[in-house]
Amino acid sequence: MCGIIGYVGKKRAAPIILECLKRLEYRGYDSAGIATINGGKLFLKKDKGFINDVILHTDLPSLPGQIGIGHTRWATHGVPSMRNAHPHTSCDEKIAVIHNGIIENYLDLKNDLLEKGHKFKSETDTEVFAHLIEENFKKKKNFESAVSDSLKKIHGAFAFVVLNADEPDKIIVARNNAPLIIGLGDGENFVASDIPAFLSETRRAVILENGEYAVIAKESAVVKEIKSSRVVKKQIQNIKWSAEAAEKGGYEYFALKEINEIPRATEDTLAALPEIEKIAHKVKKFMRNPRFRYPQTKFAVKKIIFVAAGTSYHAALIGKYLFENLCKIQCEAVLASEFSWSLANIVDKNTLIIAISQSGETADTLLALEDAKLRGAKVLAISNVIGSSITREADFNVHTNAGPEIAVIATKTFVTQLIVLYALAFYLAGKNPAPLKKIPALQAKTLSLITNIIKETAEKIKSAKDIYFLGRGISYPLILEGALKLKEISYIHAEGMPAGELKHGTLSLIEENVPVIFSLTPESHEKTISNMQEVKARSGFIIAITNEKDTSVKEHANIAIKVPEVENPLMYPLLQILPLQLLAYYTTVARGLSPDKPRHLAKSVTVE
Ligand code: F6R
């Protein structure tokens with residue numbers, strides 16, 4: 006949801022901001038802009054479109070000065086246009102603001118400011134903040150107090166970065182429920198909505214918390230509390246991700262690079278098994294507390310509720326399947342945006358919430374877990390971003406070591422979420438997770454076996470209007486993920502459902518050559534083959550994803566895509582996800598589309 010960058014230092018700001026901004030483009034890409042200060046004057050260029058298009062139209066790199074801010078937008082208030090692109094400025098064109106989030110009370114603020122004679126140039130909520138600061142700056146002639154007074158009037162989620170041509174040596178930034186990280190360099194400092202933005206410049210980072218603002222100059226970064234303006238002592242984090250991890254590394258798209266990184270990401274996540282074991286023990290202790298004892302299970306807690314959105318929700322559904330099968334504990338998996346409408350009512354201190362979110366910033370998930378905490382639940386978070394909002398709210402945290410994921414689609418982070426869930430389920434069930442250690446090599450083998458057949462399959466399905474994805478048992482949530490991946494980037498309508506459900510309605514849509522993709526495991530094989538017969542009888546085009554020992558599948562499927570055998574059939578999703586992700590990728594490329602930046606989407610969804 007919008008990429009934000011600020012730079013103050015000894016080099017020309019605009020080219021640096023542009024490079025950093027390009028690394029943030031996955032957060033939004035309907036318009037972009039940069040503002041800099043030089044000689045006490047504000048310079049600004051912005052336009053609609055991807056950053057590279059905006060560079061062509063406006064010559065962004067030519068902006069002068071050694072201090073500046075940049076933004077790449079995902080529209081919330083106001084259509085994508087030059088007018089609505091950030092930065093937004095005050096009437097006197099001295100204050101420039103960029104923002105990620107939503108100002109909920111912007112209409113009241115705007116009406117007040119209109120009455121005071123302010124003229125608005127855009128339809129955005131963000132612009133009110135520039136005028137509000139201008140109004141407060143008129144009173145005290147102090148930039149910092151003008152910003153801090155203005156922040157107290159804002160309701161909603163925000164990451165703000167502000168420049169003032171009258172105090173040209175500093176950037177002021179503030180955060181509430183939208184990420185903002187300060188990067189500390191040598192005689193230069195950065196601020197960004199995500200670490201990869203400045204990783205090639207510095208690995209030293211300070212994570213701004215909700216309710217904090219910071220005054221950043223080239224030699225200093227002072228963090229303060231919004232409500233009291235008291236200085237907050239912050240810890241400097243040393244980021245271990247390499248800068249190359251956030252680059253394309255020879256691949257045409259980040260999505261393909263990140264799918265190919267899955268064996269490595271799985272291995273890195275498994276390297277933290279001892280930590281996962283410790284967390285599992287802590288969770289078990291909570292579950293075994295006699296006060297919470299529940300007679301039907303050996304666990305004390307009454308219920309585990311997985312809460313997540315999108316791809317992470319599919320990981321949650323797989324988690325539910327694993328916990329119910331391996332640990333014999335009743336679970337629910339709920340979409341975070343639906344949580345407060347229903348399940349929240351049965352949450353109490355006997356509930357364990359497992360919140361899954363690669364970004365750790367998804368507003369729906371964050372709000373659901375805040376709601377659950379108010380009702381007394383304990384929260385375990387699984388996230389790929391250390392220090393993200395969700396991890397800070399949680400009682401227990403497990404980190405997925407996927408490294409930075411730049412493509413909008415979640416690929417390697419999904420697999421590492423699964424790895425954590427498998428490991429937790431094994432530990433909670435008192436089983437050894439050692440079989441998981443064989444997975445990275447099997448994933449690497451899968452990737453080398455299937456690429457050609459996936460490319461051929463993509464050519465066959467690229468013109469389809471609708472594609473159906475079917476699976477049973479643990480294949481069902483997996484297939485939902487396959488359908489989401491495909492529709493997200495190829496724009497082909499795709500629908501996933503339990504294979505047994507097809508005959509209850511959707512079968513009427515199967516006609517000649519409609520592609521239907523099945524996932525089979527040895528356990529669900531026989532029944533799934535019967536469902537294939539139903540499709541075959543209606544002349545559908547059957548693609549089967551199965552294991553290499555499955556010889557009978559060729560009688561039923563038009564194309565069989567095979568992954569290596571695993572020793573525990575529960576683990577097939579860890580391999581079968583690869584053909585599903587690659588099929589989405591190659592179908593998209595075959596349609597001439599970019600898989601990294603699907604239209605209308607953003608990687609981190611920080612609005613409800
Ligand atoms: C799909 C995708 C989204 C996210 C969803 C939740 O490829 O990326 O569906 O999974 O927006 O995001 P996180 O996991 O950051 O909470």
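Residues in the sequence shown are numbered from 6 upward in steps of one, following the numbering used here.
All residues carry an ideal CB built from backbone N, CA and C; glycine is no exception.
DSSP three-state assignment for residue i, whether helix, strand or coil
{"i": "residue 603", "result": "coil"}
{"i": "residue 526", "result": "coil"}
{"i": "residue 239", "result": "coil"}
{"i": "residue 8", "result": "strand"}
{"i": "residue 509", "result": "helix"}
{"i": "residue 41", "result": "strand"}
{"i": "residue 210", "result": "strand"}
{"i": "residue 195", "result": "strand"}
{"i": "residue 292", "result": "helix"}
{"i": "residue 203", "result": "helix"}
{"i": "residue 245", "result": "coil"}
{"i": "residue 417", "result": "helix"}
{"i": "residue 69", "result": "coil"}
{"i": "residue 55", "result": "coil"}
{"i": "residue 20", "result": "helix"}
{"i": "residue 4", "result": "Any question about residue 4 goes unanswered here, given that the chain covers just 6 to 613."}
{"i": "residue 143", "result": "helix"}
{"i": "residue 482", "result": "helix"}
{"i": "residue 15", "result": "coil"}
{"i": "residue 447", "result": "helix"}
{"i": "residue 104", "result": "strand"}
{"i": "residue 262", "result": "helix"}
{"i": "residue 185", "result": "coil"}
{"i": "residue 111", "result": "helix"}
Whole-angstrom distance between residue j and residue i, CA atom to CA atom
{"i": "residue 312", "j": "residue 395", "result": "12 Å"}
{"i": "residue 94", "j": "residue 107", "result": "17 Å"}
{"i": "residue 211", "j": "residue 240", "result": "6 Å"}
{"i": "residue 185", "j": "residue 380", "result": "29 Å"}
{"i": "residue 119", "j": "residue 129", "result": "14 Å"}
{"i": "residue 586", "j": "residue 490", "result": "6 Å"}
{"i": "residue 145", "j": "residue 231", "result": "17 Å"}
{"i": "residue 182", "j": "residue 234", "result": "19 Å"}
{"i": "residue 515", "j": "residue 493", "result": "22 Å"}
{"i": "residue 51", "j": "residue 225", "result": "29 Å"}
{"i": "residue 18", "j": "residue 11", "result": "9 Å"}
{"i": "residue 190", "j": "residue 87", "result": "32 Å"}
{"i": "residue 98", "j": "residue 109", "result": "24 Å"}
{"i": "residue 166", "j": "residue 371", "result": "23 Å"}
{"i": "residue 273", "j": "residue 544", "result": "44 Å"}
{"i": "residue 275", "j": "residue 385", "result": "18 Å"}
{"i": "residue 308", "j": "residue 353", "result": "10 Å"}
Exposure label - residue i; buried when at least 16 CB within 10 Å
{"i": "residue 132", "result": "buried"}
{"i": "residue 84", "result": "exposed"}
{"i": "residue 9", "result": "buried"}
{"i": "residue 524", "result": "buried"}
{"i": "residue 157", "result": "exposed"}
{"i": "residue 538", "result": "exposed"}
{"i": "residue 346", "result": "exposed"}
{"i": "residue 351", "result": "exposed"}
{"i": "residue 426", "result": "buried"}
{"i": "residue 59", "result": "buried"}
{"i": "residue 164", "result": "buried"}
Residues of its chain near residue i, where Cβ-Cβ distance is below 6 Å and the 5 sequence neighbours each way are ignored
{"i": "residue 518", "result": "546"}
{"i": "residue 228", "result": "217, 219, 237, 239"}
{"i": "residue 376", "result": "345, 349"}
{"i": "residue 373", "result": "312, 341, 344"}
{"i": "residue 256", "result": "262"}
Chain-order list of residues whose beta-carbon lies under 8 Å from that of residue i (same chain, five-residue window excluded)
{"i": "residue 287", "result": "401"}
{"i": "residue 16", "result": "71, 193"}
{"i": "residue 26", "result": "8, 10, 37, 39, 56, 75, 76, 77, 202"}
Cutoff 7 Å; reference residue i; Cβ partners in own chain excluding five residues on either side
{"i": "residue 46", "result": "170"}
{"i": "residue 420", "result": "267, 270, 271, 579, 582"}
{"i": "residue 591", "result": "459, 460, 463"}
{"i": "residue 595", "result": "463, 464, 467"}
{"i": "residue 499", "result": "472, 474, 488, 491, 492"}
{"i": "residue 127", "result": "83, 88, 89, 93"}
{"i": "residue 565", "result": "549, 551, 558, 559"}
CB contact below 8 Å: residue i versus chain C
{"i": "residue 554", "result": "Protein chains in the displayed structure number just one, and chain C is not present."}
Inset, instruction - Please determine if the stretch 592-604 and the stretch 539-557 are in contact, where contact requires at least 3 C-beta pairs separated by less than 8 Å. - result: no
Inset, instruction - Mind the definition here: the stretch 54-68 touches the stretch 21-35 only if three or more C-beta pairs lie below 8 Å; say whether that holds. - result: yes
Legend entry - Contact between the stretch 323-340 and the stretch 427-442 (3+ Cβ pairs under 8 Å): yes
Inset, instruction - Determine, using beta-carbon pairs with one atom in the stretch 561-579 and one in the stretch 434-447, whether at least three such pairs fall under 8 Å. - result: yes
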